[in-house]
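Below is one structure; the comments refer to it alone.
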Amino acid sequence: MIDLFRRLREHLRPRPAPIDDTTWTQVVSSCALVAALSPNAARRLRELCARFLADKQFSALGGAELDDYRRLLIAALACLPVLDLGYDYLRGWRQVLVYPGEFRVRREHHDEDTGVVTEGDDTLIGEAWEHGPLVLSWADIEQDLAEPHAGFNVVIHEIAHKLDMLGGGSDGVPPLPRSIARTEWIRAFQQAYDAHCAAVDAGVETAIDPYAAESPDEFFACLVEAWHSAPTQVETEMPAVAALLQRLFRPDPSATAI
Ligand SMILES: [Zn+2]
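In this text, residue positions in the sequence shown follow my numbering: the first is -10, and each later residue adds one.
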């Protein structure tokens, strides 16, 4: 029944304004991850971007500059992970806040051993709040454009947190399609996470960002950004996790092949 209502709502939803050719061409030429899509996948991404721009509210903070190109670029990167999952996976939040570079936030730190809570400033390049805004550093988005296959992508990383939180809380388990059992997902990710933490603790150099050892939700977000920007890194180091990410994000790989 819920599906029926959702489909009806989709049907009644006004069509978002289409993306103009000039700005789309600008995004394709600056973003290798978008340029690599098949014509069919690129067309679908462009439609998702139109929905994203109609649905989300962008704000420039701290002197950041936003124009049509920047908004569309952020939309394209945000929609890449949901290209096959569908726009519904980006539901439940509205705001995109963009800073010119790194930004500082006041955080409470809870020491699990002593129980002591301290306050301090953190410097971040991106942040995703449950039901709240997606916060991004423009300088770091540009850095990702310059090195598209380095395994890092701040927009995709924060969208991964959004997908994770959509499944309830931040535990590294997003809503899964019926074809993936929750136990299968948890087993593969837990094994890979434990191995990664052990390698980082032992000072071993890892292809995957050592920051992924921070917590299961950061592990998931780092693996999602690495899988989108440097998939062979993940396939080589964590094949079981790579296979699950493939089944989640590109269930039919031929559909997005160049
Ligand atoms: Zn994160």
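Cβ atoms here follow ideal geometry from the backbone N, Cα and C, with glycine treated the same way.
Straight-line measurement puts the Cα of D57 at about 40 Å from the Cα of I175.
Residues of the same chain with a CB within less than 7 Å of the CB of S204, apart from the 5 flanking positions on each side, do not exist.
Beyond the five residues adjoining it in sequence on each side, H150 comes within less than 6 Å, by CB distance, of A117, A210 in the same chain, given in chain order. Scanning its chain for C-beta atoms nearer than 6 Å, with the 5 sequence neighbours on each side dropped, one finds around T195 the residues A188, in chain order.
Residue range 205 to 218 is occupied by the alpha helix (DSSP H) that includes F209. Note on geometry: alpha-carbon atoms of F208 and R167 lie some 23 Å from one another. Within the model, the alpha-carbon separation for W216 versus R4 is close to 32 Å.
Residue environment: P228 is assigned as exposed (fewer than 16 neighbouring CB atoms within 10 Å of its CB, all protein chains considered). Closest by C-alpha distance to T112, out of G90, R35, P240, Q132, is G90. According to the DSSP secondary-structure assignment, Q84 is paired through a beta bridge with Q46.
In this structure, L123 places its C-beta atom within 9 Å of the C-beta atom of V85. In this model, S27 and V17 are separated by some 12 Å (Cα to Cα). Going by C-alpha positions, A135 is about 15 Å away from Q15. L123 sits in a strand when the DSSP states are folded into three classes. With contacts defined as CB atoms closer than 9 Å, W127 and R59 qualify as a contacting pair.
With a 10 Å radius around the Cβ and a threshold of 16 neighbouring Cβ atoms, G140 comes out buried. The three-state secondary structure of R171, taken from DSSP, is helix. Counting of Cβ neighbours within 10 angstroms places S48 among the exposed residues, the total staying below 16. For C186, the distance from the CB to the nearest heavy atom of ligand 1 is not below 8 Å. The three-state reading of DSSP puts L74 in coil, since its state is none of H, G, I, E or B.
Apart from the 5 residues on each side of it in sequence, H146 sits with its Cβ closer than 8 Å to the Cβ of G115, A210, C211, V213, E214 in its chain, given in chain order. Not one heavy atom of ligand 1 lies closer than 8 Å to the C-beta of E119. Looking at the DSSP output, D110 sits in a beta bridge with R95.
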